[in-house]
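2 protein chains.
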Amino acid sequence: MSSIKATFKPGNCSVYVLSGTSILEAAGRAGIVITSPCGGGGTCGKCRVKILEGNILATSIEEKILSKEDISSGVRLACQSKITSACIIDIPPTSRESAQQILTKGIQNKKEIKPSVWKKYIELEKPTLASPQANLNLIREAVKTSFHADIYVIRSLSAILDEADYKVTCVFSDGELISVEKGDTTGTDYGVAFDIGTTTLVGTLLDLNTGEELALVSRTNPQIIYGDDVISRINFTITDKDGLDKLFYKISREMNDMISQLSKEAGINIHNIYKVAIAGNSTMQHVCLRITPKSLAKIPFNLVIREPVEIKAKKLGIDINSDAFVYVLPSIAGFVGGDTVACILATQLHKKNDIKLIIDIGTNGEIVLGNNKRIIAASTAAGPSFEGARISQGMRATIGAIEKVIINEDVEYNVIGNTAPFGICGTGLIDGVAELLKTGVIDETGRIVSQSEYKGNENIRRRIIETEKGNDFLLVDGHAARSKRPIFISQKDVRELQLAKAAIAAGIKILQKELNVTDKDISEVYLAGAFGNFIRRTNAKRIGLIPNISSEKIAFVGNASSSGAKLVLLSCDMEKETEDISNQTHYIELSARSDFNENFMNEMMFSEKK
Amino acid sequence: MSSIKATFKPGNCSVYVLSGTSILEAAGRAGIVITSPCGGGGTCGKCRVKILEGNILATSIEEKILSKEDISSGVRLACQSKITSACIIDIPPTSRESAQQILTKGIQNKKEIKPSVWKKYIELEKPTLASPQANLNLIREAVKTSFHADIYVIRSLSAILDEADYKVTCVFSDGELISVEKGDTTGTDYGVAFDIGTTTLVGTLLDLNTGEELALVSRTNPQIIYGDDVISRINFTITDKDGLDKLFYKISREMNDMISQLSKEAGINIHNIYKVAIAGNSTMQHVCLRITPKSLAKIPFNLVIREPVEIKAKKLGIDINSDAFVYVLPSIAGFVGGDTVACILATQLHKKNDIKLIIDIGTNGEIVLGNNKRIIAASTAAGPSFEGARISQGMRATIGAIEKVIINEDVEYNVIGNTAPFGICGTGLIDGVAELLKTGVIDETGRIVSQSEYKGNENIRRRIIETEKGNDFLLVDGHAARSKRPIFISQKDVRELQLAKAAIAAGIKILQKELNVTDKDISEVYLAGAFGNFIRRTNAKRIGLIPNISSEKIAFVGNASSSGAKLVLLSCDMEKETEDISNQTHYIELSARSDFNENFMNEMMFSEKK
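Protein sequences, first through last, are from chains A and B. Its first residue numbered 203, the first sequence is counted upward by one per residue in the working numbering. Its first residue numbered 203, the second sequence is counted upward by one per residue in the working numbering.
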């Protein structure tokens, strides 16, 4: 089955998907999370999109929910309409579970935007001989707020007051006067939120006056040359005497490069960026602060610092306004970092009465369960499998990766970038295993059956390859693969997936036990992180990765870590909230729990739950 | 009359004085201020000293005040006993109006020593898997006080805890954790107080645990190559584009050199110096902070910053403990700086009900009048004359300067260092003019009379030299002078002294008028600064430099600026007090007062007051 190109507006993101893929899913693959409160049931009507080019017929459900005028003008529901031919689709802001949408969970309206960076334009009276007044006191009296003044600002004060004829804009950040600028510059006030992942860096430029997102840039973490996961990065700081410095400079230079790109794209000056917020896992945050993370690699996985760090950007080598601050979010534990705090903040889990679950699968898998009374969190090293590590032909979700597998009469798959397949990424593996479970190629114990045991059709049977190490399943024939070598899901890959999903599922069970709640008590499951966005809920549930909860209760929250960092930029209250979250969230060290292994063994099985 | 050598113990300071000079005065010349509450009247008995070598007969007053045993063991009253032959004299700490004595005005006893720098030794419990704990939190819980942690300390935390087996000493300064040290280092806690004068720098090393003064060093301000007074220094920052940087590096390097010398003398490590306090005039303080002082040179003589500055030593290039703070005292106005605030603090003028007057004559002359209800201050540029500037043969009070003049049958004088005279310093000039007034060589208007007008003896008459520009008075014949040129007090010199003393006296009058007090209402006059220490009260009153107040009410308070800076090091309450003083002291700009000129003209006359 050939892939079809779908292009989304605004932004012109294109993806190739299998025919029959819902717009909702295709958009997800393009990194656009469409709001879907009813879980794709076609009942809430919130996922309205508009077909600009291409032919997509309205379904009967859409005919009930949408008006005739809407339908004739091309409006469809993203969860119902399937892509069957090349198309261009407009996704309006109201349908985007975008950062802006996520933000509304933390910030309800513009009135709530009160960044820790603020500006005030003042026209000062010049001192006279009869009433001399220190320059700094002139400002203190004019702004009527108490503040600390940075020495660098004081040093420039005399010149700037003369040059500006005593008409200046004061820039305050976190109780400090960080800049005095000539004339009225209150209109230009920017900040950058960073999500620093082990694998991926995401930077967002925000207008701190309006909350508007001006530019976004995503890069691969260049530290990757020193190791794929946090443990190998930490080991690098131990084995190489300049390891920490090397990692630090890699990341700080990349962040500067991203800031430069963001500024260029938005047409702003980096000196008008007055704040950076950084959310990352504990190791990344330690490295960004140039603090050795080595204690994180050995029992008891101790943090050097858990609390938030407010630090001058120049002390971290970050090039923005010269006296601006960087806010690095607080952590929770050695493997539950500021990114998880940001996720909790973005989902506002800590504010609600009902119990919610966050599953954030990045290079590590962090899980959080709780409400406004109690929050508990745990971490598993389950992530790498989902990012292709330890999988025989595994790869990251980049061009050439099989990201979707459907098995009916034969195997169909979709490849990112619409090229010949090169390997399989996490979602492809989950799909593949889920489909193989459904067709009976994989049994409940995770064993790939032999050809003779398989009762289905011949197209599938021929793909079961028996080896000494167990059976493999042929996904792509050699001639169709980029490398001309066939692509398999091996028995070992299935076992890796079992280990990974069991770790996460067992972690969730432990947290549930700790809070004394069952699946039924969980009102919502938030899937966060890049991986979470592309996962197919039914298949994730089929393999037992996520709890047996109805699909409408499972929400994709996109890059919630980024969203949390953005919230921090937009409201000083949110900084305080991150501290509360960090202090209130109880960390459970799964490896120290005697009941973890039992749960882990139970969760190894593929007992379909729905 | 030949000079006699007097040596003081402990310390072995020697000076040469005229025969008949009181021990009190001789000690003052050696920089030792002997406590003298009764003003040298021989009634209080507080100025006890002991003659170790040499013969000084007890006076009848001493026989009344002191016991026979005391007298026979060599005890004398410094105010009564006159030096008539070479001698060695012990001045016990109880008789010294030393820094320690001054400190007792601000700090009554050791219990009041509570420096802003303090240490705490803690033995931490190592974190476990069951209860992991961030390193920094371990410390927070152990010290039970809230603090900010410097990033540099956090970065070193992991290594130091491992190395010290979790037994460490935390060093706190001003609410910040500035250092974590291996083992128990609570015994070593030092600070350096600097008095940064335009001409002279004084550094004192203090033990912050005990308040003890460990070493003292005094240097000439090396900025002097860029100008003698603050105005020429400020002009240098305007005319030379790197002027401020040049001045800044000159002073910061010299301070480092002084710190190094202090540490060597006391045998301590500079890394155990955790705080520096700096008191100086406004220009010096601005330059120390690398803030341009140029606004101080033009109307309205505006400060850039009046408030105190708490700043990391490394930001000022000062080499002490790497995260230590420097406290730069607040100022009052463009020409009433942190040194004056320090003087007020040291004398505790701001705490008492009765009205006191501080006269601090350095390169500038600052005057302060007030009590715990109201304090007013003013500045005059009168200082330079007293430091030899603008005086025809004027010089600083260094070797070769005539520092004392007595005129009876002929002229007697004393030269610093007991060498041939080279010129005349401020105290010598005051003495000379006062004696010439007494003998009638100078009349009430300040005119040096002609030979024919003079009615006294021939020895004096022959010294009146008539010139076209008025009459001069020959102090030293050419053959006796080092340069083989005669040394005069010229008519112009008398005029300069008149201008200078009139400025200070008129300033005092304005302050008195402002507070509505007369000379009688002033309970005490504090003479501060190096110059103040050497001045002879009777002569200063005779020429009208200081108010007509009985001598026992006039106290020498030594380098009160240094004393104030030391107080700040020894008690964090004193930092707060400097701010209160800065805020409460009302500055009077004399040049903006319409009544200044009238007072100034009145004070020009030499109408003897007592």
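Yeah, the Cβ is synthetic: ideal placement off N, Cα and C, and Gly gets one too.
Does the beta-carbon distance from Gly399/B to Gly540/B come in below 7 Å? With respect to Gly540/B, Gly399/B sits apart: the two C-beta atoms are not nearer than 7 Å.
Along the alpha helix (DSSP H) that carries Val235/B, what are the first and last residues, could you check? Secondary structure note for Val235/B: it is in no alpha helix (DSSP H), with a DSSP letter that is neither H nor E.
Where does Gln302/B fall in DSSP's three states? Low per-residue confidence applies at Gln302/B: pLDDT is 46, beneath 50, and the placement is therefore not dependable enough to give any value.
Is the distance from the Cβ of Gln595/B to the Cβ of Ile689/B below 7 Å? For Gln595/B and Ile689/B, yes; Cβs fall inside 7 Å.
Return the residues of the segment 320-337 of chain B that lie within a Cβ-Cβ distance of less than 9 Å from chain A, sorted by chain order. Answer set for the segment 320-337 of chain B: Lys328, Pro329, Thr330, Leu331, Ala332, Ser333, Pro334, Gln335, Ala336 and Asn337.
Starting from Arg357/A, trace the beta strand (DSSP E) in both directions and tell me its first and last residue. Per DSSP, Arg357/A lies in no beta strand (DSSP E) segment; the continuous alpha helix (DSSP H) that holds it begins and ends at Ile353 to Glu365.
Asp397/A - partner residues in DSSP beta bridges: The secondary-structure analysis by DSSP pairs Asp397/A across a beta bridge with Val404/A and Ala481/A.
Which chain A residues sit within Cβ distance under 9 Å of Val538/B? In chain order: nothing, as chain A lies at least about 11 Å away.
With Ser173/B as the anchor, note down where its alpha helix (DSSP H) starts and where it stops. Nothing in the structure corresponds to residue 173/B, since chain B is present only between 203 and 812.
Reducing DSSP to helix, strand and coil, say where Thr209/B ends up. For Thr209/B, the three-state secondary structure derived from DSSP is strand.
Measure the C-alpha to C-alpha separation of Thr412/A and Asp292/A and round it to an integer number of angstroms. Going from the Cα of Thr412/A to the Cα of Asp292/A covers about 24 Å.
Can you name, in chain order, every residue of its own chain whose Cβ lies under 7 Å from the Cβ of Thr542/B, other than the five neighbours on each side? If you ignore the 5 residues before and after Thr542/B, its C-beta comes within less than 7 Å of the C-beta of Ile534, Asp562, Glu568, Val570 and Ala579, all in its own chain and listed in chain order.
Residue from Ala526/A, Arg687/A, Glu716/A and Ser764/A whose Cα sits closest to the Cα of Glu378/A: It is Ala526/A.
Go through its chain and collect everything with a Cβ distance to Val607/A's Cβ below 6 Å, but skip five positions before and after it. For Val607/A, same chain residues with a beta-carbon under 6 Å away, outside a window of 5 residues either side, are Tyr615, Gly630, Asp633, Gly634 and Glu637 in chain order.
Residues of chain B with CB closer than 9 Å to the CB of Pro502/A, please, in chain order. Simply Lys328, Pro329, Thr330, Leu331, Ala332, Ser333, Pro334 and Gln335.
Is any beta-carbon of chain B found at less than 7 Å from that of Arg492/A? So yes, Arg492/A belongs to the interface.
Can you tell me which of the three DSSP states Ser793/B falls into? It is helical.
Could you check what DSSP says for Lys606/A in three-state terms: helix, strand or coil? Correct three-state label for Lys606/A: strand.
Asp430/A: which of Ser587/A, Gln693/A and Arg697/A sits nearest, CA to CA? It is Ser587/A whose Cα lies nearest to the Cα of Asp430/A.
Near-chain B residues of the segment 565-587 of chain A (beta-carbon distance less than 9 Å), N- to C-terminal order: Correct list: empty, as no residue qualifies.
Exposed or buried, what is Leu363/A when buried is set at 16 or more other beta-carbons lying within 10 Å of its beta-carbon? With 16 or more other Cβ atoms within 10 Å, it is buried.
Minimum C-alpha distance to Lys384/A - residue among Glu698/A, Tyr529/A, Ile472/A and Ala361/A: Cα-wise, what sits closest to Lys384/A is Ala361/A.
Which same chain residues, not among the five before or five after Gln302/A, have their C-beta less than 6 Å away from its C-beta? Residue confidence for Gln302/A is low, a pLDDT of 45 falling below 50, so the modelled location carries little weight; the figure read from the coordinates is stated next. Cβ contact annotation for Gln302/A (same chain, cutoff 6 Å, sequence separation greater than five): none.
Closest Cα partner of Asp782/A within the set Asp721/A, Ile577/A and Lys755/A: Looking at the Cα atoms, Ile577/A is the closest of the given residues.
Which residue wins for smallest C-alpha separation from Ala603/A, given the options Ala260/A, Lys346/A and Ser685/A? Comparing Cα positions, the closest option is Ser685/A.
Which residues in the same chain have their Cβ closer than 6 Å to the Cβ of Asp612/A, if we skip the five residues on either side of it in sequence? When the five nearest sequence neighbours on each side are left out, the beta carbons in the same chain lying within less than 6 Å of the beta carbon of Asp612/A are those of Asn661, in order along the chain.
Given Thr286/B, which residues of its chain have a CB within under 6 Å of its CB, disregarding the five upstream and five downstream residues? Residues Ser221 of the same chain have their beta carbon placed closer than 6 Å to that of Thr286/B, with the five preceding and five following residues left out of the count.
Taking Cβ positions only, does Ser484/A come closer than 7 Å to chain B? No, Ser484/A does not count as interfacial toward chain B.
Does DSSP put Ile267/A in a helix, in a strand, or in coil? Correct three-state label for Ile267/A: helix.
Should Glu614/B be counted as a contact of the ligand MN given a C-beta to heavy atom distance under 6 Å? Within the structure as shown, the ligand MN is missing, as the structure has no ligands at all.
Using the rule of at least 16 other Cβ atoms within 10 Å of the residue's Cβ for burial, across every protein chain shown, is Arg687/A buried or exposed? Around the beta-carbon of Arg687/A, fewer than 16 other beta-carbon atoms lie within 10 Å, marking it exposed.
On the three-state DSSP scale, how would you describe Gly572/B? Annotated three-state conformation of Gly572/B is strand, per DSSP.
On a CA-only basis, which of Glu716/A, Ile706/A and Arg665/A is nearest Ile691/A? Give me that one, please. Comparing Cα-Cα distances from Ile691/A to each of Glu716/A, Ile706/A and Arg665/A, the minimum goes to Arg665/A.
Taking CB distances under 7 Å as the criterion, tell me whether Asn474/B reaches chain A. Any Cβ of chain A closer than 7 Å to the Cβ of Asn474/B would place that residue at the interface, and such an atom is absent.
What's the gap between the Cα of Lys496/B and the Cα of Ser484/B? Spanning the two alpha carbons is a distance of roughly 11 Å.
With a threshold of 7 Å between beta-carbons, can Ile480/B be considered close to chain A, or not? No, Ile480/B does not count as interfacial toward chain A.
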